[in-house]
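Chains as they are written, first to last, in our numbering: chain A, 24 to 88; chain B, 24 to 88.
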């Protein structure tokens, strides 16, 4: 799967997109899907990215409670 | 539905989350869901936010093609 480059977002667009992500309660699920893709080999990721995603997942999980 | 405040994300966490959003090809669907919630009255939004979301949606749509 070719790595699609995200479009260049303005700061305002990026902030709006992140706000919608939390407003739709989808941030945790999104990171969970990416981790699953990496763990079952559907997506390549180096150790650094994988650890970043794990840390982000834990933070989102604890923030949610 | 109480407006949940997104957790304070670091710039690095915000960039990672946005990257995953595009890597999972979910940005367009996410904005579409928020627009639908506003249009069917499930979510309150002022005119400014609604127009911002419409512009963002159009941009994501054209970038995708």
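Where is the CB? At the ideal position from N, CA and C, for every residue including glycine.
Please read these numbers as outputs of a predicted model, since none were measured by experiment.
Query	Result
Is it the case that the segment 72-82 of chain A contacts the segment 39-55 of chain B, given that we only count it when at least three CB pairs across the two stretches are under 8 angstroms?	yes
Give the residues of chain B in contact with residue 44 of chain A, contact being defined as C-beta atoms less than 8 angstroms apart.	29, 40, 44 and 53
Between residue 84 of chain B and residue 58 of chain B, how many whole angstroms is the CB-CB distance? I'm expecting something under 8 angstroms.	Incorrect: roughly 12 angstroms between the Cβ atoms, too far for contact.
Starting from the beta carbon of residue 37 of chain A, find every residue of chain B whose beta carbon is closer than 8 angstroms, and list them in chain order.	37 and 41
For residue 57 of chain B, return the contacting residues in chain A, with the cut-off set at a CB-CB distance below 8 angstroms.	43, 46 and 47
Along chain A, which residues have their Cβ under 8 angstroms away from the Cβ of residue 84 of chain B?	What residue 84 of chain B touches in chain A: nothing, since even the nearest Cβ is about 11 angstroms away.
Taking the alpha-carbon of residue 66 of chain A as reference, which of B/86, B/47, B/34 and B/35 has the nearest alpha-carbon?	B/47
Taking residue 68 of chain A as the reference, give the member of B/53, B/43 and B/68 with the closest Cα.	B/43
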